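Protein chains in written order, with my numbering: chain A, -11 to 152; chain B, 100 to 635.
For every residue, glycine included, the Cβ atom is placed at its ideal position computed from N, Cα and C.
All figures in this text were calculated on a predicted structure; none of them were measured in a lab.
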Amino acid sequence: MEFVFDKEKNKEKIESFKMFIQDHREIPGALMPVLQEAQELFGYLPREIMQLISRTLKIPMAEIYGVATFYSQFSFIPKGKNIISVCLGTACYVKGAQAILEEIETILGIKAGSTTLDLKFSIDSTRCVGDCSLAPVIVINDDVYAKVTKNKVKELIEKYRNGV
Amino acid sequence: MGCRKVLTLERLQQIRKEHRPILEARVGEAGNADINEDGSIVLNGDYYKKQVRIALKNCGIINPLMIEDYIAVDGYSALANILFNKSSGEIIDDMMASNLRGRGGAGFPTGRKWNEAFKYDADQKFMICNADEGDPGAFMDRSILENDPHSVLEGMAIGGYAVGADKGFIYVRAEYPIAVKRLRTAIEQAKELGILGNNILGTGFSFDIELRLGSGAFVCGEGTALIESIEGKRGMPRTKIHRTAHKGLWQKPTIINNVETYANVPVIFQKGVDWFRSIGTEKSPGTKVFSLVGKVQNAGLVEVPMGTPLREIVYDIGGGVQDGKGFKAVQTGGPSGGCIPAHLIDTPVDFESLGKIGSIMGSGGMVVMDEDTCMVDVARFFLEFTVDESCGKCVPCREGTKRMLEILERIVSGHGEDGDIELMEDLSETISKASLCGLGQTASNPVVTTIKYFRDEYEAHINEKKCPSGSCRPLIKYFITEACIGCTRCAKSCPVDSCITGKVKERHVINQDVCIKCGTCYEVCPVKPVKAVVKG
Ligand SMILES: Cc1cc2nc3c(=O)[nH]c(=O)nc-3n(C[C@H](O)[C@H](O)[C@H](O)COP(=O)(O)O)c2cc1C
Ligand code: FES
């Protein structure tokens, strides 16, 4: 699935980013600071922005992509407003964490490691968050939820969708 | 900015004089430090009494956001003095005589490195500060950058004057946002005052410093990879045809030093080479900062003279192992280092002594491990890290570490085979000899040292399918003994249905076929003094 980068919505950010590139295009090794600014500003590296960088700095897209994939701080998809981490450690796993994960994937229509198109949710899977006696455990943003069930998951997602 | 008045020596001294009482008053009020007769200010309390602080001397004392504070503790006096009274050659000579050795890991003599760039003629030279601190569990450099950023700037400027560089870069990891902010402020303030920038103190020497951020790649701590990254490329180490002191950043002579190395430089010029050499050992003068963490009572940053026995650091300063557990090992040098076993705890901590026993000083990570830590799993943990962080440029590192990790994963999950240890020893040798950069060359150290000192643990995993520390889950079993009082707590807390069964007030039983070895029953068992649940 592709994320559509809303140029209209991001107009101001794009303008400010263009200024940043103009200010930095002359400095040697400008690509890294420019990519870092883009990541900071947009939360990820939209294709359109990488094309803009490519045109302005006169660096081929392939090279930009090569650099961006090397460093773990750069992301090519945006993270959602709410990040759901599902524990797939052993304790959670036998208590049905896989089913919980699948339920969340079904409800949100995305797989673990990706983000919903409306940018409201991302799903991550983690290995043991150290609350095994409360299994299965999921963590949403910074809140830990213990002994979750399929029904509870639905409730929780609704709660966060409407913004708690 | 062009018409700003040049900072004069008098003005600098005046700031020092004016601001000193303000700083002293603040220190007096805070009460966390004592002002000595010689004017030095040191943190009080037992934890600090046993330390000798050079690189950390201002940490916790001055306000890092105020350049006046730094000046009030004689900051920038070394730079000023040098600019007026010493030639580049003299500084190089002093640095060589001090025998300051790089604190970033390898321990290369800083003076010799500077001399290489000094002698090499070029229209442009660079100073780089390596602030990429990648060792997980180590935060020495972070502390210096956040609490005493000017000492690093001053050290770099002195280096710049010595080798003939007018431009410096600080490469900071992006995971240190506070350090980045404080460095930014420090650079701004230094430029504003005129102690950095054009024509410093009217001497004609110019030096400018720029910040560059890392983006989450451990290998960028390696000098040539760091240079590639500043140049805006993938951070992969270069084939070492040239010395970076001759052809480094943009093929110009470049000096790369670690944060702590730079922080030592101004102090050496303030107090003199003889003073510096009187601390530490003959071959490793001065102090080293360690981040003492893991299963130790008093975790924190410790700065001690080189050659201090490990025991003093762990016991006298660190207060020994937590929770009265038995000491097993100290890991030094992070993913490039090794595990030092209990019987070698009297080893003096300096470059040579640690090297002799198979570990390294590294950048100063020091992780204390107790009887519950499985050494095979520690080796696996570090290998997983290197496999993740290997840049993939050279085959021995990219493929070799991966194969080694596979073997370790097999061993900790109970599928180790006869010959695995020998195979890993063989692989280690190849990887160490044939890898392109330090990452690969040192990647097997955690494996080699744990095999050397804890071979019995490997053998227990492989031959008996047992983890002596009771930490590798697939290899441990939980039992309930006759001491069980039938309180049902374990059965109620067990995350698995029908795993623990038993009637109230009767002995319970764990069904080994479904037990997931989460240890919850062991945690909750209230029987004293010995729990009714045992790990075996
Ligand atoms: C994989 C790898 C990672 C490194 N990471 C760092 C680091 O984070 N910080 C550092 O100062 N040196 C690091 N080094 C050492 C540098 O290559 C270099 O030796 C050092 O910055 C030189 O400065 P010094 O002489 O002042 O120690 C690393 C080396 C390797 C091979
Ligand atoms: S396995 Fe999920 S919290 Fe431990």
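Give me the DSSP bridge partner(s) of residue i.
{"i": "residue 356 (chain B)", "result": "B:228"}
{"i": "residue 465 (chain B)", "result": "B:391 and B:431"}
{"i": "residue 438 (chain B)", "result": "B:430"}
{"i": "residue 200 (chain B)", "result": "B:208"}
{"i": "residue 634 (chain B)", "result": "B:577"}
{"i": "residue 215 (chain B)", "result": "DSSP lists no partner for residue 215 (chain B)."}
{"i": "residue 181 (chain A)", "result": "In this structure chain A extends from -11 to 152, so residue 181 (chain A) is not present and cannot be described."}
{"i": "residue 401 (chain B)", "result": "B:389"}
{"i": "residue 109 (chain A)", "result": "A:70"}
{"i": "residue 495 (chain B)", "result": "DSSP, once it has assigned bridges, lists no residue as partnering residue 495 (chain B)."}
{"i": "residue 380 (chain B)", "result": "Per DSSP, none; premise fails for residue 380 (chain B)."}
{"i": "residue 447 (chain B)", "result": "B:408"}
{"i": "residue 103 (chain A)", "result": "A:110"}
{"i": "residue 15 (chain A)", "result": "In DSSP, residue 15 (chain A) forms no bridge with anything."}
{"i": "residue 640 (chain B)", "result": "Since the first residue shown for chain B is 100 and the last is 635, residue 640 (chain B) is missing from the structure and cannot be characterised."}
Any C-beta of chain A sitting closer than 7 Å to the C-beta of residue i?
{"i": "residue 508 (chain B)", "result": "no"}
{"i": "residue 100 (chain B)", "result": "Any reading at residue 100 (chain B) must be qualified, since the residue scores a pLDDT of 43, below 50, and its modelled position is unreliable; no value is offered."}
{"i": "residue 264 (chain B)", "result": "no"}
{"i": "residue 398 (chain B)", "result": "no"}
{"i": "residue 273 (chain B)", "result": "yes"}
{"i": "residue 620 (chain B)", "result": "no"}
Does any residue of chain B bring its CB to less than 7 Å from the CB of residue i?
{"i": "residue 86 (chain A)", "result": "no"}
{"i": "residue 101 (chain A)", "result": "no"}
{"i": "residue 33 (chain A)", "result": "no"}
{"i": "residue 83 (chain A)", "result": "yes"}
{"i": "residue 54 (chain A)", "result": "yes"}
Taking CB distances under 7 Å as the criterion, tell me whether residue i reaches chain C.
{"i": "residue 97 (chain A)", "result": "As a matter of chain content, chain C is missing from the structure shown, whose protein chains are A and B."}
> For the segment 56 to 67 of chain A, which residues have a beta carbon sitting closer than 8 Å to at least one beta carbon of chain B?
Replying inline: Residues 58, 59, 60, 61 and 62.
>> So within the segment 107 to 162 of chain B, which uninterrupted alpha helix (DSSP H) runs reach at least 4 residues, ignoring any that extend past its ends?
In response: Listed in chain order, they are 108 to 129 and 145 to 148.
>> To test your reading of the DSSP string, which unbroken alpha helix (DSSP H) runs of 4 or more residues are found completely within the segment 243 to 327 of chain B?
In response: List check, alpha helix (DSSP H) in window: 248 to 262 and 276 to 292.
>> Counting only Cβ-Cβ distances shorter than 9 Å, please list the residues of the segment 18 to 32 of chain A near chain B, keeping chain order.
In response: Answer set for the segment 18 to 32 of chain A: 18, 19, 20, 21, 22, 23, 24 and 27.
> Name the residues in the segment 561 to 594 of chain B whose C-beta lies less than 9 Å from a C-beta of chain A; which are they?
Replying inline: Per Cβ criterion, the list reads 572, 592, 593 and 594.
> Taking any Cβ of chain A, which residues in the segment 327 to 357 of chain B have a Cβ under 9 Å from it, in chain order?
Replying inline: From the segment 327 to 357 of chain B, only 328, 329, 330, 331, 332, 333, 334, 335, 348 and 349 have a Cβ closer than 9 Å to chain A.
>> Closer than 7 Å between beta carbons: that is the criterion. Which residues of the segment 122 to 141 of chain A meet it against chain B?
In response: For the segment 122 to 141 of chain A, the beta-carbon criterion of a distance under 7 Å to any beta-carbon of chain B is satisfied by 123.
>> Which residues of the segment 311 to 324 of chain B have a Cβ closer than 9 Å to any Cβ of chain A? Give them in chain order.
In response: Going along the segment 311 to 324 of chain B in chain order, one finds 311, 312, 313, 314, 315, 316 and 319 with a Cβ nearer than 9 Å to chain A.
> Got a sec: which bits of the segment 107 to 135 of chain B sit with their beta carbon under 8 Å from any beta carbon on chain A, in order along the chain?
Replying inline: From the segment 107 to 135 of chain B, no residue has a Cβ closer than 8 Å to chain A.
> Quick one: complete alpha helix (DSSP H) runs, 4+ long, within the segment 530 to 606 of chain B?
Replying inline: Listed in chain order, they are 537 to 542, 544 to 552, 554 to 562 and 588 to 592.
>> I'd like the ranges of any beta strand (DSSP E) spanning at least 3 consecutive residues and lying wholly in the segment 24 to 100 of chain A.
In response: The beta strand (DSSP E) runs lying completely inside the segment 24 to 100 of chain A and spanning 3 residues or more are 70 to 75, given in chain order.
> In chain order, what residues of the segment -1 to 18 of chain A put their CB closer than 7 Å to some CB of chain B?
Replying inline: Cβ contacts with chain B come from 16, 17 and 18.
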